[in-house]
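The opening residue of the sequence shown carries number 1 in full-length UniProt numbering; numbering runs sequentially from there. Using N, Cα and C, we set each Cβ at its ideal position, and we do this for glycine too. As the structure is a prediction and not an experimental result, all values here were calculated from the model. Here is the structure we will look at.
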Amino acid sequence: MSIYKGQTLTLSIFGTSHGQSIGMTLSGIPSEANINLDVLQEFMARRAPGNSPLSTSRKEPDIPKFVSGLKSGSSRNSRNLTTDGSEIKAIIYNRDVKSSDYSKIANTPRPGHADYTAHVKYGGLEDSRGGGAFSGRMTAPLCIAGGICKQLLAERGIYIHASIHDIHGNAEDPLSEIKKAQVLRDSVGGTISCTISGLDAGYGGPLFEGLEGRIAEIVYAIPAVKGIEFGAGFESTRMYGSENNDEFYYDENDTVCTRTNNCGGILGGISDGMDIEFRVAIKPTPSIARSQRTIVYDSTEEAVIEVQGRHDPCIVPRAVPCVEAAAAVVIADLVLTEKAVSSAASKKSKGLTTASPTSASSFGLASDDLSHLRSSIDEIDLQLLNLIERRLQIAESVAAYKKENNLGIIDSNREASLLKRIQFLSIDDLADLNEEIFKAIIRASCKHQEKFLK
Ligand SMILES: Cc1cc2nc3c(=O)[nH]c(=O)nc-3n(C[C@H](O)[C@H](O)[C@H](O)COP(=O)(O)O)c2cc1C
Ligand SMILES: C=C(O[C@@H]1CC(C(=O)O)=C[C@@H](OP(=O)(O)O)[C@H]1O)C(=O)O
């Protein structure tokens, strides 16, 4: 078992590549967070093996079975679940295990893999099949946790997106490098870019509390990661200060912004309100079918091995969601731990120049108050969402009736009387605004009905 200890979140990942199962326990997620299982499964599928000729042929559906922490939500959709505040525990059973691939190389560590170091540490008791506890397969549970955290963050307007930057140095046609490597019975690595947007200024802290270190800690847990750089990173060593410094300005909403983002959205270990940008270096897959020299355990002999079996010719494409997952876990931990820092705190209009949680209160708006207000809004949004979903379900029945009776979708009389009723029920000065909102709801409903009339 391997454990990540954040300040609020604890994530433990268990199992091995060829054992019965792998899985994770995530604690610290508050109750009432909405988790949609379809969204989670789509995320898991981006990482799952066997989905492309450019990945390992091992086929694993990677559908997590939740054994605690999630309950049915208030919506009728059984795929919409809610956290209940207890530990979230999920298991994935390994399906497509072919351990015979590993029997020939049991005594000869693969260069570049963790076989040798695991052997030293666990004295021969380690399970090296499929990489054992060091396998890239262990990123499936990481993606369960990360997928949950991504949904939690999206509800707070924070989004994480990673993509392939280059493979083997080729940013124009990266996938062609994998095909070349396959022909050569070799492997290649590459770089993944990741952007975190929507995180307010003021998260993190100096020295050991710095955001770069916290993100790096969890990104380095992904097997095959060999480097991480933020913003201009190593390139900044070739710049003058005048080129590297990100000049400040106020945007049209009087929010503090920077003209460039060479610091990658982090200054002094603290988020500056711009996107957090970093790149991750992934080494070439260690298991390759070409001859390589190695040693034979418990002897002084050397040997030549050619690794058989199913392997990713390049880890980069499947590591992209893993990087998003790692970033999501650490940012969720940060957001759940630190008091929400008012985005208003970095606005000129409030007369504030710093984003520190303590200074916010001295200007009349305590960050505590703000986070309470925001959580009330989140709660209302949830109710609205459920009500809108119920309304759309009823609209489906209306569509069925219209289809049966050859009626058109738009009924202007009905729409006019509905809007009139809204005007009547509204508080005076909100009547026009409410009418606009309901017009949008009616439009969405008609669009939804159209699907059922085809
Ligand atoms: C998604 C993913 C898939 C991987 N697939 C393979 C693979 O098929 N074969 C392999 O030898 N290594 C694979 N790896 C990399 C090894 O697990 C990793 O190199 C090994 O555990 C040693 O760890 P290190 O490279 O971090 O030192 C994969 C890693 C990830 C993240
Ligand atoms: C199965 C996955 O990746 C595995 C990662 C891996 C390794 O050494 O890291 C070795 C291979 O395992 P096997 O030899 O059993 O096919 C990959 O298939 C996965 O990521 O789900």
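Distance between residue j and residue i (C-alpha atoms, nearest Å)
i: LEU11; j: LYS420; result: 53 Å
i: PRO64; j: GLY147; result: 11 Å
i: ASN80; j: LEU40; result: 11 Å
i: SER86; j: GLU212; result: 29 Å
i: GLY189; j: VAL120; result: 27 Å
i: ALA355; j: ILE13; result: For ALA355, the predicted model reports a pLDDT of 33, less than 50, meaning its position is unreliable and no value from the coordinates is stated.
i: ILE29; j: LEU175; result: 37 Å
i: ALA181; j: PRO313; result: 7 Å
i: ALA399; j: ASP38; result: 25 Å
i: LEU125; j: ALA106; result: 12 Å
i: MET138; j: GLU60; result: 13 Å
i: SER342; j: ALA201; result: Below a pLDDT of 50, predicted positions are generally treated as unreliable, and SER342, at 44, falls in that range; no measurement from the model is reported.
i: LEU370; j: ARG156; result: 13 Å
i: TYR401; j: SER445; result: 15 Å
i: ALA303; j: TYR116; result: 14 Å
i: LYS347; j: PRO317; result: Legend: pLDDT at LYS347 = 49, less than 50; position of this residue unreliable, value from coordinates given subsequently. If I take the Cα positions, the gap works out to 39 Å.
i: ILE426; j: PHE438; result: A quick correction: the sequence has Ser, not Ile, at residue 426. Those two C-alpha atoms are separated by around 12 Å.
i: GLY233; j: ALA48; result: 31 Å
i: residue 526; j: LYS104; result: There is no way to answer for residue 526, as the model of the chain reaches only from 1 to 454.
i: GLY198; j: LEU184; result: 43 Å
i: ASP84; j: SER78; result: 16 Å
i: ASN253; j: SER72; result: 40 Å
i: ASN261; j: HIS18; result: 44 Å
Span of the beta strand (DSSP E) around residue i
i: ASN107; result: Looking at the DSSP string, ASN107 is not in any beta strand (DSSP E), and its letter there is neither H nor E.
i: MET239; result: Segment: none, MET239 is in no beta strand (DSSP E) and carries neither H nor E.
i: GLU277; result: 276-282
i: GLN292; result: 292-295
i: ASP166; result: 159-167
i: LYS5; result: 2-5
Extent of the continuous alpha helix (DSSP H) to which residue i belongs
i: GLY147; result: 139-154
i: ASN413; result: 412-425
i: LEU207; result: From DSSP, LEU207 is part of no alpha helix (DSSP H); its letter is neither H nor E.
i: PHE248; result: Here PHE248 belongs to no alpha helix (DSSP H); instead the beta strand (DSSP E) covers 248-250.
i: THR117; result: 115-122
i: LEU175; result: 174-183
Which residues DSSP lists as bridging residue i, in chain order
i: CYS314; result: VAL188
i: PHE230; result: PHE278
i: GLU389; result: According to DSSP, GLU389 bridges with nothing at all.
i: VAL225; result: ILE282
i: CYS194; result: ALA162, PHE278
i: CYS257; result: TYR249
i: ALA303; result: THR294
Near ligand 4: residue i beta-carbon under 7 Å from a heavy atom
i: PRO111; result: In the structure on display, ligand 4 does not appear, and the ligands it does have are ligand 1 and ligand 2.
Problem - Chain-ordered residues, beta carbon under 6 Å from a heavy atom of ligand 1 - result: With 6 Å as the limit between CB and the heavy atoms of ligand 1, the residues that fall short of it are THR56, HIS113, ALA114, GLY131, PHE134, SER135, GLY136, THR139, ILE222, PRO223, ALA224, LYS283, THR285, PRO286, SER287, HIS311, ASP312, ILE315, ARG318, ALA319, CYS322.
Handout entry: Length-filtered (3 minimum) beta strand (DSSP E) runs lying within the stretch 8-69
Key = List check, beta strand (DSSP E) in window: 10-15, 21-27, 34-36, 65-68.
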